[in-house]
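In what follows, a structure is listed as structure tokens, so that the remarks can point back to it.
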Amino acid sequence: MQNTETSPQRRSPLDYMREKMVQADSLFRNGLSTATGESDIIDLAKKMLALCDEVGQELHRICPVQPLACHSGCDTCCRNLIQTNPVFAALGLAEARRTFDKNQFDALQDRLVSQTLFCPFLFDGKCSIYHSRPMVCRGYYSFDVELCKQGDYSEKNMGYQGDGAHAAHQYMIFLFVLEKRIESIEQELGLDPGPIFLHDAARVLLESPETLDLWQSGKRGLFAGPDTGDQ
Ligand code: SF4
Ligand code: SF4
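Have a look at this one:
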């Protein structure tokens, strides 16, 4: 028998993401323009990631979902050197300082100095700063880990797939656009925008904690890797 009940109209994921992008823009712009030191920057990064988490959860609720290949301990996407923004690099390092024991922090320092070829925050197949991981890491998803092994973690090349796309794809698009928005805001405020490599930024912040203040004062080129000066 035909179902004659009227189903409630589904919220458009694109409209929702637009709405949250405006909120995220305002949060970042106001937070960065009034930040006066490291704790303000870290607080801002936490607030931005909390907003991203909220968006991810809501997209999961309103979008089509099917099982992903992603699971705890699957770390192919972390066996890379990722790029992020200075505010999230600062948060990642602060989180490591807060939660690592001495052995793990020493291991992190060794990795940062010796320039490992995988993310230095990957320990025992898991992200050691999971709740503070940068936005790019939150956007990775896959239906087939074999594609990840070939370097495709999020169907980025497919672009926006419309309102019927999987929640993970919508979220990846949101995060990608937000990262670009953040860079534009930084540029408008006279700051050196990302992207920067997480491992380079973490090493620089570890060796010279004043770097974040210098970045906020408008100084440029602070987070470059040791081998980029030859070009
Ligand atoms: S994106 Fe790929 S490598 Fe990363 S957790 Fe998912 S399936 Fe594993
Ligand atoms: S920060 Fe965490 S999630 Fe991101 S690449 Fe490194 S280990 Fe993986």
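The numbers in the numbering used here rise by one with no breaks, and the one at position 134 of the sequence shown is 687. Glycine residues also receive a C-beta, built at the ideal position from the N, C-alpha and C atoms.
Have a look at Glu760 and Val666 and give me their C-alpha separation to the nearest angstrom.
-> Rounded to whole angstroms, Glu760 to Val666 spans 10 Å at the Cα level.
Taking the C-alpha atoms as reference points, what is the distance between Leu634 and Leu602?
-> If I take the Cα positions, the gap works out to 20 Å.
In terms of DSSP beta bridges, what is Gln636 paired with?
-> Residue pairing from DSSP places Gln636 in a beta bridge opposite Phe750.
Quick one: which unbroken alpha helix (DSSP H) runs of 4-plus residues sit fully inside the segment 616–679? Chain order, please.
-> Qualifying alpha helix (DSSP H) stretches, in chain order: 639–652, 655–667.
Leu700: beta carbon under 6 Å from a heavy atom of ligand 2?
-> Of the heavy atoms belonging to ligand 2, none sits nearer than 6 Å to the Cβ of Leu700.
Looking at the structure shown, is Tyr683 part of a helix, part of a strand, or coil, going by DSSP?
-> Reduced to three states, the DSSP call for Tyr683 is helix.
Using the Cα positions of Glu699 and Ala622, report the straight-line distance between them to the nearest angstrom.
-> Roughly 10 Å between the two C-alpha positions.
Evaluate the contact criterion for the segment 686–705 versus the segment 715–728: three or more CB pairs, one atom per stretch, below 8 Å.
-> The segment 686–705 vs the segment 715–728: in contact.
Straight-line Cα distance separating Ala754 from Gly782 = Reliability of the predicted coordinates at Gly782 is poor, the pLDDT of 43 falling under 50, and the value obtained from them is presented with this limitation in mind. It is roughly 15 Å from the alpha-carbon of Gly782 to the alpha-carbon of Ala754.
In chain order, what residues have a CB nearer than 5 Å to some heavy atom of ligand 2?
-> Working through the chain, the matches are Cys631, Ile635, Cys672, Phe674, Leu675, Cys680, Arg686, Cys690.
Start-to-end residues for the alpha helix (DSSP H) that takes in Leu728 = Leu728: member of the alpha helix (DSSP H) spanning 720–741, first to last residue.
How many angstroms separate the CA atom of Asp663 from the CA atom of Arg564?
-> Distance between the alpha carbons of Asp663 and Arg564 is about 48 Å.
Interface flag, Lys655 vs chain D, CB-CB below 7 Å = This model lacks chain D altogether; it includes just one protein chain.
Contact set for Arg650: own chain, Cβ-Cβ below 8 Å, skip 5 residues either direction = Exclusion of the five residues before and after Arg650 leaves Phe658 as the residues of its chain whose Cβ lies within less than 8 Å of its Cβ.
Same chain, Cβ closer than 7 Å to Thr629, five either side skipped, listed in chain order = Excluding sequence neighbours, Thr629 sits near Val698, Cys701, Lys702.
Residues near Leu767 in its chain [Cβ-Cβ closer than 7 Å; skip 5 each side] = Only Leu775 meet the Cβ criterion.
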